[in-house]
Amino acid sequence: MSFLNNLGQKISDVSQTTIKKTKDLADTAKLNLNISEEERKIDTAYEQIGKWYVEKHREDAEEDVKTWLDAIAVSEARIKECRESIHQMKGVAICPSCGASVDADAAFCSACGQKMPEKPKPEPVKEEDVEVIPPEQPSEEPASETVSENASETPTKASAPDASTEA
935 MSFLNNLGQK ISDVSQTTIK KTKDLADTAK LNLNISEEER KIDTAYEQIG KWYVEKHRED
995 AEEDVKTWLD AIAVSEARIK ECRESIHQMK GVAICPSCGA SVDADAAFCS ACGQKMPEKP
1055 KPEPVKEEDV EVIPPEQPSE EPASETVSEN ASETPTKASA PDASTEA
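Numbered per our numbering, the sequence shown spans residues 935 to 1101.
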């Protein structure tokens, strides 16, 4: 009977050890999660400080910071160009008052009612401003080519335009 009692005690000890290790792992995971959350808060604070600094000191920043500010300005300009390209592809404009997307041809913003800025209309092309260039005619003369000594026995022919490229 003592064998069964010892076996029962050993199983109980192993399960208690397993429970403790599992609890320790869970507690460690919670603490690591808390650490990560606090690091995100710090990163957000740094980001906000940087944005505040850029807004306040874009023109009078210290020399050490100017390189970063220039890089930010270049990236902001590229983002603006990309967004404008997307809006043109979608056929929308952005309301200068509320920032809503509006049909490019709309006279007023559908969200706030603000009058949309008029887009300059392209001037029609005048016939006298257009220069007509006639297509090139194939020449009858052979093309001048530099021929190596080994290929001197082969006669050269004029290059004819490829029929697949003619319009």
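Glycine residues also receive a C-beta, built at the ideal position from the N, C-alpha and C atoms.
In this structure, the CA atom of A1038 is about 17 Å from the CA atom of K1014.
By the Cβ rule, the region 1023-1040 does not count as touching the region 994-1007, because fewer than three pairs are nearer than 8 Å.
Secondary structure at S1044: coil, using DSSP grouped into helix, strand and coil. According to the DSSP secondary-structure assignment, V1026 is paired through a beta bridge with D1037. Taking 8 Å as the cut-off, the Cβ atoms of S1035 and Q1048 do not count as close. With a cutoff of 8 Å on beta-carbon distance, I1006 and V988 are scored as near each other. With a cutoff of 8 Å on beta-carbon distance, C1016 and C1029 are scored as not near each other.
Look at K1049 here: in three-state DSSP terms it is strand. Between the alpha carbons of Q1071 and E1052 lies a gap of roughly 47 Å.
The three-state secondary structure of K975, taken from DSSP, is helix.
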